[in-house]
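A.B. asks: Sharing a structure with you now.
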């Protein structure tokens, strides 16, 4: 409930400089901001957060791709997670396989990335295409969007799990947080 979220946020804010609450509604944010006024809210990411050191340096190296507009909430959740963990993701959106030329235009950036997050719904083909083009690890994030028999993201999840390109790790449906966290750990291991 909003009241429970407010109590949790108040305790977390007392213990550290940053916090992130995912799957947050405007009502959750309003209740929590009443007790922690410096709290922020991202409607696209559906997340509330606190960052008391917003000018700290961020590490480059993560490339975040989203196939289409419907995938943006999950992609933005991953981006916010990365930012709070000290990374500066480069975003490239609307590069789904229905218009492959849009992705190929960014090939130099793809190949320069240390880790790539690929957020896609529908049939979930984009991570396999990307993994075939890059040497970096690819974190595939299926989303619960699609037409007809997408089964709430299950079709994309199964497509990603069955991808033949090497170097793909798959997180659960709509798990932008998990993808962002994993990418931060991988990117942080670089020397």
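Numbering (our numbering), first residue to last: 8 to 198. Beta carbons: idealized from backbone N, C-alpha and C, even for Gly.
#1: Going by C-alpha distance, which of 165, 190, 51 is nearest residue 180?
#2: DSSP three-state call for residue 180: helix, strand or coil?
#3: Taking the alpha-carbon positions, what's the residue 204 to residue 45 distance?
#4: Helix, strand or coil, according to DSSP, for residue 144 in the structure here?
#5: Going residue by residue through the region 69-105, where are the continuous beta strand (DSSP E) segments of at least 3 residues, counting only ones entirely within it?
#6: Beta-carbon within less than 6 Å of residue 124's beta-carbon, same chain only, minus the 5 sequence neighbours each way: which residues are those?
#7: Just the C-alpha distance for residue 73 and residue 183, rounded to the nearest angstrom, thanks.
#8: Determine the extent of the beta strand (DSSP E) in which residue 25 is found, giving its start and end residues.
#9: By the three-class DSSP mapping on this structure, what secondary structure does residue 133 have?
#10: Quick check: the Cα distance between residue 173 and residue 114, rounded to an integer number of angstroms?
#11: In whole angstroms, what separates the C-alpha of residue 22 from that of residue 16?
#12: Within its chain, find whatever has a CB closer than 8 Å to the CB of residue 41; leave out the 5 residues flanking it on each side and keep chain order.
C.D. replies: Taking the coordinates as given:
#1: Looking only at 165, 190, 51, the smallest Cα-Cα distance to residue 180 is reached by 165.
#2: In this structure, DSSP gives residue 180 a state outside helix and strand, which the three-state scheme calls coil.
#3: Residue 204 is absent from the structure shown; the chain starts at 8 and stops at 198.
#4: Residue 144 sits in coil when the DSSP states are folded into three classes, being neither helix nor strand.
#5: Counting only runs of 3 or more residues that sit fully inside the region 69-105, the beta strand (DSSP E) segments are 69-73, 97-100, in chain order.
#6: A distance below 6 Å between beta-carbons, with the five flanking residues on each side excluded, links residue 124 to the following residues of its chain, in chain order: 71, 85, 146, 186, 190.
#7: One Cα belongs to residue 73, the other to residue 183, and the distance between them is close to 11 Å.
#8: For residue 25, the enclosing beta strand (DSSP E) has its first and last residue at 25-29.
#9: If DSSP states are grouped into helix, strand and coil, residue 133 belongs with the helices.
#10: C-alpha separation (whole angstroms): 18 Å.
#11: When rounded, the distance between both Cα atoms is 10 Å.
#12: Excluding residues within five positions, the ones whose Cβ falls inside 8 Å are 13.
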